[in-house]
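Start counting the sequence shown at 0; every next residue gets the next number (numbering that gives the first Met the number 0). In this text, a Cβ means the ideal position worked out from N, Cα and C, and glycines have one as well.
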Amino acid sequence: MKKKRIVKLEPQTVELFAEVLSKLRPPPPLTVSQWADKYRVLSAESSAEPGRWHTEKAPYQRAIMDAIGDPHVRSVVVMSAAQIGKTDAFILNPLGYYMDYAPCPVMCMQPTLDMGQTLSKDRIAPMIRDTPRLTGLVDTKSRYAGNTVMKKNFPGGHITIVGANSPSSLASRPIKVLLADEVDAYKASAGKEGDPVMLAEQRQTTYWDYKTVLVSTPTTKNNSRILDEFNASTQEEWTVPCPNCGFYQPFVWDNMVFDKEKWPEGGVQYRCAECGCLDNEYRWKKNSLQGKWHAEHPERSVRGFHMNKIGSTLCGWDKIVEDFIAADLDAKRGDYEKMQVFVNTDLGLPWEEPGEAVEANNLLDRREFYEAEVPDGVVYLTAGVDTQDNRFEAEVVGWGIGKESWGIRYQRIYGDLKRGQVWADLDDFLSKTWKKKDGTELSLRCVCMDSGGHFPDQVIRFCKEREERHIWPIKGRGGMDVPYLRNPTKNNRVGGELFTLGVDTGKNHVLARLKVLIKGPNYCHFPAAEDAGYDENYFKMLTAEHKVTRWKSGRKVERWELKDPAQKRNEAFDVRNYATAALEISNPPGLEIPGEEAPRQTAPRQYRRRRSGGI
């Protein structure tokens with residue numbers, strides 16, 4: 000039998016081998032949440048509570064983070080309310096995890112390049128600086144390291160920060176992990192290249208174990224990418240046990256109980272969907288550590304999560320209720336802007352318009368006889384003018400407290416626009432004064448005139464000569480994401496001030512006001528006098544369009560279209576839109592509802608002529 004040879008090693012050699020073997024040993028298995036709890040440090044400039052990360056402060060984040068790091072999960076979708084810690088938990092923590100624990104090429108996508116730069120400077124750079132585990136991975140000193148604001152190299156991979164609006168930034172090297180933040184803010188196409196998420200996903204084809212993470216607060220129901228992605232996922236909701244009966248349930252707005260009329264007296268409680276018991280916020284959220292995610296479709300491969308502020312341990316119920324009460328007050332007046340913000344950012348749900356149809360007959364039937372040419376409630380007058388080939392169509396609108404409106408006169412001015420007479424007739428109409436019952440005469444405070452069609456130069460020249468009277472040319476631009484008004488530019492052949500009007504956004508405003516049924520703020524009055532011009536045909540034009548959803552470049556797109564191809568005339572709708580824009584441009588004082596803060600103005604500042612001749 001052959002004897003075994005025993006080799007004696009020096010202690011130093013044994014230590015050397017032990018050290019080498021320790022380096023070769025695979026790291027202990029860590030999930031994203033475990034990595035964050037062990038290593039992540041929150042920076043002072045980006046966190047209200049700087050210091051070590053603790054997932055137990057927001058237990059609903061754990062399963063989402065761990066799904067992002069799960070090698071068996073290809074796609075994760077997070078549809079959530081705002082301010083629940085989603086950027087830190089679902090973007091930054093995975094970035095740190097993939098830098099340190101599972102190095103690979105990562106792309107972090109923001110809606111725009113500017114937002115990408117802001118994220119890099121304000122969030123990513125401080126995280127790398129303050130998290131010791133990451134600090135040594137990125138060489139920020141050597142010029143040969145290749146690190147920039149939008150690119151971070153580290154051993155085994157890199158982070159590329161891109162904007163969904165930049166085709167060139169998306170056409171980069173292959174990536175394994177895509178972290179796409181606020182996807183509902185992405186444009187339908189990156190330039191002319193197509194859908195930005197699909198462009199980024201094409202960079203993942205070389206990796207069998209790729210990972211795609213889509214995170215966003217939703218927008219509108221018919222145009223929400225995150226909603227579509229969530230609907231195709233496991234559809235998981237955060238549930239916690241009732242403090243009384245132990246029944247697990249998600250937090251829903253309908254079960255929030257408070258007295259809206261007496262608020263904040265009485266506070267807010269939550270009603271159990273099972274036993275009906277009411278309990279306070281502390282008792283419900285105390286059970287968050289026992290919370291769990293419930294999947295509506297566990298058989299699906301895409302993990303999808305929905306989270307609202309009610310279940311968030313980072314936001315109090317009092318603030319949520321206050322947001323709702325303010326939004327509800329405006330909604331009753333026909334202004335749904337705050338309610339949409341509440342639904343999107345507090346409930347983490349897509350906004351659905353309360354009803355798109357306004358019937359011509361209903362508006363016709365509610366015409367009323369004014370006591371004078373201009374009712375007493377009117378404080379200011381504006382006008383809108385539409386330019387056709389053989390006529391102008393103009394409307395004078397009166398505005399009162401809370402932007403309650405009164406139609407004053409709808410006028411057609413016919414003539415050959417190549418000749419001067421019809422322009423003089425229009426000038427005479429816009430120079431008129433309009434009388435109240437007590438003899439007070441009001442002139443037009445501001446006019447918006449359409450410069451589209453076949454006579455743009457003539458319109459701009461006409462308005463330029465009358466800027467002292469605040470008669471402004473406008474150029475319409477379609478798209479639901481186009482701001483209502485942009486500051487004027489002189490980039491035209493005439494050199495006159497020209498406003499850009501988001502016509503689709505403006506039509507949304509007009510439609511919202513037409514839906515108001517209670518006289519008061521935002522209600523639209525129409526005169527019954529025959530010579531005022533508000534006949535049946537006017538209301539058919541006013542309601543000729545409706546909002547529809549179409550598919551474009553793989554995305555749902557909302558736009559305005561004619562309801563009936565036989566009813567092609569829609570000038571009244573356009574003209575009311577222009578008259579409303581004139582009010583926003585002039586931005587007059589005194590329309591606030593007494594006892595309330597002045598509404599936030601979405602229009603540019605008020606424009607007045609300077610002695611130098613500029614605006």
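Under the three-pair Cβ rule at 8 Å, the region 363-377 counts as touching the region 526-535. The DSSP assignment places 74-79 as complete runs of the beta strand (DSSP E) inside the region 38-81, in order along the chain (cut-off: 3 residues). Beta-bridge partners assigned by DSSP to glutamine 268: Val256. Going by DSSP, leucine 443 is part of the beta strand (DSSP E) stretching over 443-449. Secondary structure at methionine 540: helix, using DSSP grouped into helix, strand and coil. Here isoleucine 225 carries a helix assignment [DSSP, helix/strand/coil]. For phenylalanine 304, the closest C-alpha among the options Pro455, Tyr59, Leu29 and Gly155 is that of Tyr59.
Asparagine 486: member of the beta strand (DSSP E) spanning 484-488, first to last residue. Closest by C-alpha distance to tryptophan 471, out of Asn92, Leu288 and Leu484, is Leu484.
A contact is defined here as three or more CB-CB pairs under 8 Å, and the region 391-400 fails this definition with respect to the region 496-515.
Membership of methionine 98 in any beta strand (DSSP E) is not indicated; the residue belongs instead to the alpha helix (DSSP H) covering 92-99.
DSSP links serine 404 through a beta bridge to Trp398 and Cys523. Exclusion of the five residues before and after alanine 571 leaves Tyr537, Met540 and Leu541 as the residues of its chain whose Cβ lies within less than 6 Å of its Cβ. Here the alpha carbons of arginine 128 and threonine 134 stand approximately 5 Å from one another.
Taken through DSSP and simplified to helix, strand or coil, threonine 219 comes out as strand.
In this structure, leucine 177 sits near alanine 199, with a CB-CB distance shorter than 7 Å.
Listed in chain order, the alpha helix (DSSP H) runs fully inside the region 333-401 are 336-340 and 359-364, counting runs of at least 4 residues. Exposed is the label assigned to aspartate 208, since fewer than 16 other Cβ atoms lie within 10 Å of its Cβ. Contact annotation: leucine 328 and alanine 382 have beta-carbon atoms that are not nearer than 7 Å. Beta-carbon to beta-carbon, lysine 284 and threonine 312 are separated by about 6 Å, close enough to satisfy the 8 Å threshold.
Residue environment analysis places threonine 130 among the buried positions, since at least 16 neighbouring C-beta atoms fall within 10 angstroms of its C-beta.
Contact between the region 457-474 and the region 494-504 is present: three or more C-beta pairs spanning the two stretches fall below 8 Å.
In this structure, DSSP gives tryptophan 237 an extended state, which the three-state scheme calls strand. At the C-beta level, glutamate 273 and cysteine 244 come within 7 Å of one another. By the Cβ test, the region 118-125 is not in contact with the region 63-70, since fewer than three Cβ pairs between them sit closer than 8 Å.
Around the beta carbon of serine 450, 16 or more other beta carbons lie within 10 angstroms, which makes this residue buried.
Going by DSSP, histidine 293 is part of the beta strand (DSSP E) stretching over 291-294.
Burial is judged here by how many other beta carbons sit within 10 angstroms of a residue's own beta carbon; threonine 147 has fewer than 16 and is exposed.
Only exposed fits alanine 423, as fewer than 16 other CB atoms lie within 10 angstroms of its CB. When Asn491, Ser32, Ala62 and Ile63 are compared, the shortest CA-CA separation from tryptophan 52 is found for Ser32. From the listed residues Ala187, Leu112 and Lys120, the smallest Cα separation to leucine 91 is found for Lys120. In this structure, the CA atom of arginine 73 is about 42 Å from the CA atom of phenylalanine 257. Less than 7 Å separates the beta-carbon of proline 349 from that of leucine 226. The C-alpha of glutamate 192 lies about 21 Å from the C-alpha of glutamate 228. Out of Leu510, Lys435 and Thr579, the CA that lies nearest to the CA of valine 446 is found in Thr579.
Shown here, tyrosine 577 sits in a helix according to DSSP, grouped into three states.
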